[in-house]
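The next block holds one structure in the form of structure tokens; read it before the comments.
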Amino acid sequence: DDTTKSPGMGYHKLLLLLLLLAKTSSSGPVLGDQVEELQSLAIDQMNETKPLSGNQVDETSSVSERLVDEASSLLGSQEDESRSLPGSQLAETKLPLGKKIGETQSRDSNQLEGRVTPVDDVGSDTQESVEYTAAVLEYEPYSSWESGGLALLQKNAHNYVHYATLAKEQGADIMVFPEYGLSSTDVSGGEFLSLTQLVPHPADHVLPCHLPDNNFTQIMRDLSCCARDLGMYLVVDLIEQEPNTDVTTQPDTHNNDSGVGRRGRNQNSLFQHKIPGEQLSSLENGKDKAEKQLNECTVSGYSFYNTQVVFDRSGVVISRYRKKHLFLEPEFTPGTDDDDVAIFTTDFGVTFTLQICFDIMYESPGLRNVMARGVRDVAMSTAWIDELPFLTAPQIFSGWSSGLEVNLLVANYHDPTTSKLGSGIFRGVSSQAAVYTYDHHGGTTLLVAPVSTLGTRLRVNQPSTTTNSTHYTRESSSGFSIAAVGTTESFSDHDYASYQYLSTDLQSNSSDASFKEFLGSFGISLIQPKSRVSEGATEQTRDEDKLYFINENLERYNHRLLEGSERERDFKTLCHNDSLCCTVTYSYQANLTDEGFYVILAYSGVVEKGAGVYSMFTQVCAVVYCLTENITSCARIEGTSPGSSSFQPYELVGTFHTEHVYPSVFTQQLTLVNESFWSFNSARIQTENECSIVLSHFTPHLLSLSLFGRWYERDPDM
Numbered sequence: 001d002d003t004t005k006s007p008g009m010g011y012h013k014l015l016l017l018l019l020l021l022a023k024t025s026s027s028g029p030v031l032g033d034q035v036e037e038l039q040s041l042a043i044d045q046m047n048e049t050k051p052l053s054g055n056q057v058d059e060t061s062s063v064s065e066r067l068v069d070e071a072s073s074l075l076g077s078q079e080d081e082s083r084s085l086p087g088s089q090l091a092e093t094k095l096p097l098g099k100k101i102g103e104t105q106s107r108d109s110n111q112l113e114g115r116v117t118p119v120d121d122v123g124s125d126t127q128e129s130v131e132y133t134a135a136v137l138e139y140e141p142y143s144s145w146e147s148g149g150l151a152l153l154q155k156n157a158h159n160y161v162h163y164a165t166l167a168k169e170q171g172a173d174i175m176v177f178p179e180y181g182l183s184s185t186d187v188s189g190g191e192f193l194s195l196t197q198l199v200p201h202p203a204d205h206v207l208p209c210h211l212p213d214n215n216f217t218q219i220m221r222d223l224s225c226c227a228r229d230l231g232m233y234l235v236v237d238l239i240e241q242e243p244n245t246d247v248t249t250q251p252d253t254h255n256n257d258s259g260v261g262r263r264g265r266n267q268n269s270l271f272q273h274k275i276p277g278e279q280l281s282s283l284e285n286g287k288d289k290a291e292k293q294l295n296e297c298t299v300s301g302y303s304f305y306n307t308q309v310v311f312d313r314s315g316v317v318i319s320r321y322r323k324k325h326l327f328l329e330p331e332f333t334p335g336t337d338d339d340d341v342a343i344f345t346t347d348f349g350v351t352f353t354l355q356i357c358f359d360i361m362y363e364s365p366g367l368r369n370v371m372a373r374g375v376r377d378v379a380m381s382t383a384w385i386d387e388l389p390f391l392t393a394p395q396i397f398s399g400w401s402s403g404l405e406v407n408l409l410v411a412n413y414h415d416p417t418t419s420k421l422g423s424g425i426f427r428g429v430s431s432q433a434a435v436y437t438y439d440h441h442g443g444t445t446l447l448v449a450p451v452s453t454l455g456t457r458l459r460v461n462q463p464s465t466t467t468n469s470t471h472y473t474r475e476s477s478s479g480f481s482i483a484a485v486g487t488t489e490s491f492s493d494h495d496y497a498s499y500q501y502l503s504t505d506l507q508s509n510s511s512d513a514s515f516k517e518f519l520g521s522f523g524i525s526l527i528q529p530k531s532r533v534s535e536g537a538t539e540q541t542r543d544e545d546k547l548y549f550i551n552e553n554l555e556r557y558n559h560r561l562l563e564g565s566e567r568e569r570d571f572k573t574l575c576h577n578d579s580l581c582c583t584v585t586y587s588y589q590a591n592l593t594d595e596g597f598y599v600i601l602a603y604s605g606v607v608e609k610g611a612g613v614y615s616m617f618t619q620v621c622a623v624v625y626c627l628t629e630n631i632t633s634c635a636r637i638e639g640t641s642p643g644s645s646s647f648q649p650y651e652l653v654g655t656f657h658t659e660h661v662y663p664s665v666f667t668q669q670l671t672l673v674n675e676s677f678w679s680f681n682s683a684r685i686q687t688e689n690e691c692s693i694v695l696s697h698f699t700p701h702l703l704s705l706s707l708f709g710r711w712y713e714r715d716p717d718m
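In full-length UniProt numbering, the protein residues as written are 1 to 718.
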């Protein structure tokens, strides 16, 4: 009935709903605060309708009193029944919103754990300083199809539980896992559908740990139980399936050998940009092939998404974000949800936004949630492919964190033979140094570190496992601790070091001639350093290193050689399109041999990524190391140990039109320069954004000093 015609009916309907819940709830007793919530909603609805007449008031009051009395009686009897349940039954009783019996006693009665804070609350005046402990896992997945896709998922999920347990021992509140960590990137090794999972909508507050055994929910169930058992937030990337409601034919699930919905090895998939042995020919007419394969997925009866899922401490799914900016992934449909679906708020008072891999190169969702909604903490899953001289994993992750003054928790896939590695906890909100790994020999690596941020005002008491008094019982004075198999090791403050302390015997891909040819088609160089000397594990140290990078074509950049001078300090200015001008102040002794060369670069314009499939507008000021005076030799590492150099930059300044500029200082040892050795500054002057990097310490073996700007509004229409 229309409540405007019968104003009291809205209240009656809600009371009837309450009564129905009390009578038929199969998931356990309805909580008292839920009764109050429903009654409050009913009263609000009554207040919004037109006034009742005298007769209607009497009628409404009579019905309401009767319904309330009956509901209260039923609720009281349910509470008595719940107290008499045996302990095992009590533990298994399912409560709405994923709460567990016994847990409500230790938390504030007003808390609904896992509920997303409204977007308007983020970045409001209720923010205060918060510290939490974060964990990220760089993971080298098991990728054998020998026992099928589900077995592959189960093996990796089992490993996830193992590392999550190690992280919890270090006091972790939240843990982030990499892109493709469950499935591996070898998605064409068998039936693609067998790698997928059904993901519930967060609004349904589903606890997958209580779901029945099903191939398409088993991994979700296992991870949900892990989050619940450990009492820790888990951010997991997986392949999500969504049945198409307008398609009647559904392929078999995990036992179909007919080829329906199959992604076999004989199919030429664009997605295999991440698989050894694929040739550049697979990228010809890339967009057409991507659309064709996407249509094939749709016709099969399913849409597939590259999805991040967040489980709260009780195992409930509280966030589901579908990757929007796919990188040569035609099996997937890009996500179209509003950016705020990527936001979730934790019980320790911190609001996060999600993003996946190539998303970091665009505004949506991460940047928009930071800029428009005040989010300061970002959880990112990735299978990042390194590109020199500006977009290796440490450079783009640390630069994005520093440039936006946000904390970035990023977990990367580990496969150096395909140029994928580099994870970290980049703490741009505070002065805390980044904790990261970039080790070609590191294998699976777990990082755990405390993070300071500005969070939404805490409304609940912290669980005992996350209080400051117990967080860091095993940490060193440097402020972070590192977990190893069976042990805990504390390290001194090597701010920009990459640590190798946790390895597994999981399967990895090996390099071969066909893959070298494949990499060459992308412009990826095989680099084999010679005798590199270890300095506190801050660089690649082994003769047998084989490092793979994509090298950007710098010939389009305006460039100028920085010549040696007898002056104490010299400077050079170089400009390009859109009034972009770059100035470097430096010292460089003349007439020294075997030092290599340095050039200043300036560029404002479109660049291509993914073998030309994607175009984006960048503005860049940089100084890079070159092997020769030829620009094509710049930002390459050809194996020899970097010799001593007298080149020392003091300041790099650029005048940009874009407000989004990301700084980095990167060495030939493939390390980030200690953040305390340099500062980044940005100031808006009329229509220009003047940005600078100022170095306060001598920086030996510099590979690149860069201000990398993204002018999102000028990206070409795709």
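Every residue, glycine too, gets a C-beta built ideally from N, C-alpha and C.
Next item on the list: Locate the alpha helix (DSSP H) running through N159, then write down its first and last residues.
Entry: G149 to E169
Margin query: Please classify T24 as buried or exposed, where buried requires at least 16 neighbouring CB atoms within 10 angstroms.
Written below: Reliability fails at T24, whose pLDDT of 43 lies under 50, so the model's placement of it is uncertain and no value is given.
Notebook entry, point to check: Rounded to a whole number of angstroms, what is the C-alpha to C-alpha distance between P450 and A379?
Noted result: 15 Å
Next item on the list: Kindly give me the distance between the Cβ atoms of F426 and S398, rounded to whole angstroms, as I take these residues to be in contact under 8 Å.
Entry: 5 Å
Note to self: Does any residue of chain D have a CB that is nearer than 9 Å to the CB of I550?
What the structure shows: The question asks about chain D, but that chain is absent: this structure has only one protein chain.
Next item on the list: Specify the secondary structure class of H559 as computed by DSSP and reduced to three states.
Entry: strand
Margin query: Measuring only the C-alpha atoms, how far is S679 from E331?
Written below: 42 Å
Check: Among I219, I174, V661 and G315, which one has its Cα closest to the Cα of K155?
Finding: I219
Next item on the list: Could you spell out the range, first to last residue, of the alpha helix (DSSP H) harbouring L230?
Entry: Q218 to L230
Next item on the list: Report yes if the CB atom of D237 is closer than 9 Å to the CB atom of Y180, and no otherwise.
Entry: yes
Note to self: At the level of alpha carbons, what is the spacing between F597 and L562?
What the structure shows: 7 Å
Next item on the list: Would you give the residue range spanned by the alpha helix (DSSP H) that Q395 belongs to?
Entry: A393 to L404
Notebook entry, point to check: So G654 and C626 are in contact, right, with Cβ under 8 Å, and what is the actual spacing, rounded?
Noted result: Actually they are not in contact, since the Cβ atoms of G654 and C626 sit about 20 Å apart, beyond 8 Å.
Note to self: What does the alpha-carbon distance come out to for the pair V341 and N674?
What the structure shows: 35 Å
Checklist line | Cα-Cα separation, N553 to L421 | finding: 22 Å
Next item on the list: Between the Cα of F647 and those of L702, L695, T618 and T353, spot the shortest distance and give me the residue it belongs to.
Entry: L702
Next item on the list: Figure out for me which residue from N369, T392, D439 and Y362 has the closest Cα to the Cα of E138.
Entry: D439
Item checked: Cβ-based burial, H205 [other Cβ within 10 Å; buried from 16] -> buried
Checklist line | Element boundaries [alpha helix (DSSP H), containing L367] | finding: G366 to R373
Notebook entry, point to check: The beta strand (DSSP E) with Y662 in it runs from where to where?
Noted result: V661 to T667
Check: For A135 versus L367, is the C-beta distance shorter than 9 Å?
Finding: no
Next item on the list: Please report how far the alpha carbon of S402 lies from the alpha carbon of S676, in whole angstroms.
Entry: 12 Å
Check: In terms of alpha-carbon separation, which member of I318, W400, L195 and R567 lies closest to I343?
Finding: I318
Next item on the list: Just the C-alpha distance for Y321 and D173, rounded to the nearest angstrom, thanks.
Entry: 20 Å
Notebook entry, point to check: Which residues in the same chain have their Cβ closer than 7 Å to the Cβ of S364, if we skip the five residues on either side of it in sequence?
Noted result: K324 and D339
Next item on the list: Would you decide whether E555 is buried or exposed? Buried here means 16 or more other CB atoms lie within 10 Å of its CB.
Entry: exposed
Check: For D386, is the classification buried or exposed, using 16 other Cβ atoms within 10 angstroms of its Cβ as the cut-off for buried?
Finding: buried
Notebook entry, point to check: In or out: I685 buried (at least 16 other Cβ within 10 Å) or exposed?
Noted result: exposed
Notebook entry, point to check: Tell me which same chain residues have a C-beta within less than 7 Å of the C-beta of Q668, skipping the five on either side of it?
Noted result: Y625, I637, P642, H701 and L703
Next item on the list: Identify whether R710 lies in helix, strand or coil by the three-state DSSP scheme.
Entry: strand
Note to self: Between P389, A433, C225 and E240, which has its C-alpha nearest F666's C-alpha?
What the structure shows: P389
Item checked: Beta-carbon spacing of L705, V623 below 9 Å -> yes
Next item on the list: Using three-state DSSP, classify F327 as helix, strand or coil.
Entry: coil
Note to self: Tell me the residue span of the beta strand (DSSP E) that contains G354.
What the structure shows: The question names Gly, but residue 354 in the sequence shown is Leu. Unbroken beta strand (DSSP E) run through L354: T351 to I356.
Margin query: At the level of alpha carbons, what is the spacing between H697 and L707?
Written below: 18 Å
Checklist line | Expected contact under 8 Å - CB spacing of Q241 and F177 to nearest Å | finding: With 8 Å as the limit, Q241 and F177 do not qualify as a contact, their Cβ atoms being about 19 Å apart.
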